[in-house]
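Asker: Order-wise, the sequence lines are chains A and B. Residues 8 to 208, numbered by my numbering, are exactly what the first sequence covers, in order. Residues 1253 to 1789, numbered by my numbering, are exactly what the second sequence covers, in order. Cβ atoms here follow ideal geometry from the backbone N, Cα and C, with glycine treated the same way. Note that this is a predicted model, so its numbers are computed, not measured.
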Amino acid sequence: MERPSVEHSHVHHMDPAVEYSSSKFGMWLFLGTEILLFGGLFAAYAIFRAKYPEMFFEQHKELNREMGAVNTCILIFSSLTMAMGVTAIKRGKQKLTAILLLVTIICGLGFGVVKYFEYGAKFAHHIYPDTSIFFSLYFMMTGLHMLHVFIGLVILAVMLVLTLKGKFTSKYNTPIEVGGLYWHLVDLIWIYLFPLLYLIG
Amino acid sequence: MANHSIAHNVYVPYLEKKGILSWLLSTDHKRIGIMYLVSISFFFLVAGVIALLMRLELLTPAADFVQPHTYNVLFTLHGSLMVFFFVVPGLAASFGNFLIPLMIGAPDVAFPKLNLGSYWIYLLGTLIVLLALMKPADTGWTYYTPYSATTDTDVVLITLGVFVLGFSSILTGLNFIVTIHKMRAPGMTWHRLPLFIWASYATAVLQLLATPVVGITLLLLIAERTLGVGFFDPAKGGDPILFQNFFWFYSHPAVYIMIIPAMGVISEIIPVFARKPIFGYKAIAYSSLGIAFISFLVWAHHMFTSGISSLAATIFSFLTFLVAIPTAIKVFNWTATLYKGSIHLHSSMLYALGFIFLFTIGGLTGLFLGALAADIHLHDTYFVVAHMHYVMIGGTVMGFFGALHFWYPKWFGKMFNEMVAKIAWFLVFVGFNVTFFPQFFLGVQGMPRRYATYPAEFESLMSLSTYGSWILGLGVLIMTVNLIAGLFNGEKAPQNPYNSLSLEWQVPSPPPHENFDEIPHVTDWTYGYGKKKEPEA
Ligand code: HEM
Ligand SMILES: [Cu+2]
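1) For A/F37, go through chain B and note every residue whose CB falls closer than 9 Å to its CB, in chain order.
2) Per DSSP, which residues does B/T1732 bridge with? Please list them.
3) Do three or more CB pairs link the segment 1763-1774 of chain B to the segment 1710-1724 of chain B at distances below 8 Å?
4) In this structure, what does DSSP give as the bridge partners for A/T79?
5) Quick check: is any heavy atom of ligand 2 less than 7 Å from the C-beta of A/V110?
6) Looking at ligand 2, does it come within less than 7 Å of B/H1553, judged from the CB to the closest heavy atom?
7) What separation, rounded to the nearest whole angstrom, lies between the Cα atoms of A/Y145 and B/P1505?
8) Within the 8 Å Cβ cut-off, does B/H1433 reach chain A?
9) Taking the continuous alpha helix (DSSP H) assigned at B/P1763, which residues delimit it?
10) Quick one: what does DSSP say B/P1353 is sitting in, helix, strand or coil?
11) So A/I106 is in the alpha helix (DSSP H); what residue range does that whole segment cover?
12) Could you have a look at B/M1253 and say whether DSSP puts it in helix, strand or coil?
13) Is there a C-beta anywhere in chain B that falls below 8 Å from the one on A/M166?
14) Beta-carbon within less than 7 Å of B/I1723's beta-carbon, same chain only, minus the 5 sequence neighbours each way: which residues are those?
15) Have a look at A/M166, A/W197 and A/K58 and flag the residue whose alpha-carbon is nearest the alpha-carbon of A/M153.
16) Sort A/E184, A/L151, A/F63 and A/L206 by Cα distance to A/I42 and report the nearest one.
17) Are there 16 or more other CB atoms within 10 angstroms of the CB of B/N1741, so buried, or fewer, so exposed?
18) Indicate whether at least one CB of chain A lies closer than 8 Å to the CB of B/A1362.
19) Which same chain residues, not among the five before or five after A/A24, have their C-beta less than 8 Å away from its C-beta?
20) What did DSSP end up calling A/V13 once you bin it into helix, strand or coil?
21) Taking only the alpha-carbon atoms, compute the straight-line gap between B/I1543 and B/L1473 and give it to the nearest angstrom.
22) Which of helix, strand or coil does DSSP assign to B/H1281?
23) Going by other Cβ atoms of all chains shown within 10 Å of its Cβ, with 16 needed for buried, is B/W1372 buried or exposed?
24) Within the 8 Å Cβ cut-off, does A/P136 reach chain E?
25) Along chain A, which residues have their Cβ under 7 Å away from the Cβ of B/G1695?
26) Mind pulling the chain A residues with CB within less than 7 Å of B/L1479?
27) B/H1504: beta carbon under 7 Å from a heavy atom of ligand 2?
28) Under 7 Å: does the beta carbon of B/V1550 sit that close to some heavy atom of ligand 2?
29) Is the beta carbon of B/Q1691 less than 8 Å from the beta carbon of B/V1637?
30) At the level of alpha carbons, what is the spacing between A/L48 and B/T1463?
31) For B/V1507, verify whether its CB is less than 7 Å away from any heavy atom of ligand 2.
32) Would you decide whether B/V1465 is buried or exposed? Buried here means 16 or more other CB atoms lie within 10 Å of its CB.
33) Excluding the five sequence neighbours on either side, which residues of its own chain have a C-beta within less than 6 Å of the C-beta of A/I140, listed in chain order?
34) Apply the 10 Å Cβ neighbour rule to B/N1734 and answer buried if 16 or more other Cβ atoms are within range, or exposed otherwise.
35) What are the residues that DSSP puts in a beta bridge with B/T1633?
36) Tell me, please, which residues DSSP counts as bridged to B/K1488.
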């Protein structure tokens, strides 16, 4: 009986290069599924917008463009600081990385505060998720996005603590890079939501 | 874990450590595989008992054993548990976890901690569904709106549970894809991979692409019930058919999440017991991907009668027939492998042959349902019930049982009683056909599904089906007892009881902690039985 011949080599553990590329690959796949998750909502948006164009046009005026625009700027800026943080840690600058992560976190929190006032204003005008299909979409899409902001903030906070503990160096920084990818996705999705919901017409 | 040079050459069976925490905190893919195996088997048995209760109710035309509402709850639970708790995670998570690293020559999966996390998420999902049992849903496992948005049973909890399970499924699939890409031993090229690995890969791709869609669908249903969002409610301008579109966009591919791993199992068992190289290796490998791809184009065949346009229905009907091609390729290649082989009827081989036979019937009857005109007549009748069970039991469950018997020595280092296993197989096979074959006739004669009562004219076929379910139940019982008994009094298993060529058989049974003392260097494909010939580049 022939067998696959088994020669011996002594690699036992994932070497760092494989670990790095695996983590990044895994994160990209995960981001793909996140986009598909939102994809369901985008599909619903497309269907109902085609069905009720006037409703979408009339009701989108209720949304607060200024607040939406401010939040867009905040998120884009936070993506920038995040990217700078990744570069910084690759150069081994732990302190700078920590500061940049902190700024990113503050931006994320700022985004949440603005959203809080926005939602508050809607409720004050008696606008709820069951008010109309348009507002159902508005609350579902921004709500699910907000949930992702929270998850992103938790990830960033963990990264910040680990950075302060000196876990990351110029050689080992995969988690920051992978966490950064996630934050960029959160930003990217908002960049689609903003025109679709606030800038119709 | 700290000192790996010590672990070298020291035999550490992964079963040795004791205590529940040593399991729940283990990142060893083999232990995680066992935890999945135990969990899914448990749900299979529970859902099976529920099925027997349903059949008991259907023994006579009247509702004499349970009332219709209870019956609705029973089929909802039966369907939900079977689909989301057993077949979807089933082979993929249990055997996938156990086998993928072993078969590709890796010490573990790419992300062992994430792997454990997936199992915890699975547990969390099951806990949520346990809570949902306080006021169990009566919607059927598809949770169709508008009924699911209005019934006063607890739809939110059970769908939340399924949503959480979906997450577990996504993370497992992701882990497997990265593992197969990045962790193959030197020399294990794509075209040397065992076919079970190809199947797991195609399954994982489906899990990643389809599961998020059902996730968002269920979230929307939950929002509909809790926040009053109106996407599926015509009164609010929503569209109830939208739910069906979203749902089947997942659930049709999900059918292949259920079946492709079983096909992978069959492709492993047949060459070993026919002692021939698998015929058409590449065709089998790529047809898995082909099925995965086409499965996304056919979801609307579940909705021919739900009011889609006749043009759309015609297109989907045509696309549905396309799935038959890659499936037929596989069946043809398995049969060609068997042809003139020196066949040894090990119990796992019997299940593999059962698979080919029953799955072919399931597939052919599917063509009736894919054909527009016939579907209008057969939709939501017992014909569908029979078709679905021929595919799911004839396919997934046969593959699962086959895999259990085939890799049992490797999992546990013990042997079971082969004679008893054959008797159990015989009962399962006969019982299954007696249960479900009459249902094709019931369906054609117009017996609708999901009713606790039925007109007296159907009594003889209906009670025949119930008697069959008892034979089937007895077979599964004997099989279970036999496999469990083997754990305690079975003989010690040799490393490679069937003289198999694939890598998992080249390590001790059960395999040591990190699978291989040294990472193997692969120089040939897996199926060189008899003649050792690699398929041309
Ligand atoms: C052990 C043998 C089994 C028996 C006797 C059995 C019996 C039944 C019965 C009586 C029904 C209800 C039919 C109706 O009223 O429409 C049913 C439905 C169903 N079964 Fe099974 N079943 C078995 C195994 C399985 C397995 C292994 C699976 C999955 C892989 C499965 C999946 C389903 C599904 C999805 C439904 C539809 C539930 C619904 O209508 O919501 N069954 N089965
Ligand atoms: Cu289908």
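Answerer: Taking the structure as given:
1) I1422, L1423, L1426 and L1460
2) In DSSP, B/T1732 forms no bridge with anything.
3) no
4) A/T79 is not bridged to any residue.
5) no
6) yes
7) 30 Å
8) yes
9) Where B/P1763 is concerned, there is no enclosing alpha helix (DSSP H), given that its DSSP letter is neither H nor E.
10) helix
11) Q101 to A131
12) Below a pLDDT of 50, predicted positions are generally treated as unreliable, and B/M1253, at 35, falls in that range; no measurement from the model is reported.
13) no
14) L1679, V1682, G1683 and V1686
15) A/W197
16) A/L151
17) exposed
18) yes
19) none
20) Note that A/V13 scores a pLDDT of 41, beneath 50, so its modelled location is shaky; the value from the coordinates is reported in the next line. It is coil, neither helix nor strand.
21) 29 Å
22) helix
23) exposed
24) Absent from the structure: chain E. Protein chains present are A and B.
25) Simply none; closest approach about 33 Å.
26) P136 and D137
27) yes
28) yes
29) yes
30) 14 Å
31) yes
32) buried
33) F55
34) buried
35) B/P1700
36) None; B/K1488 has no bridge partner.
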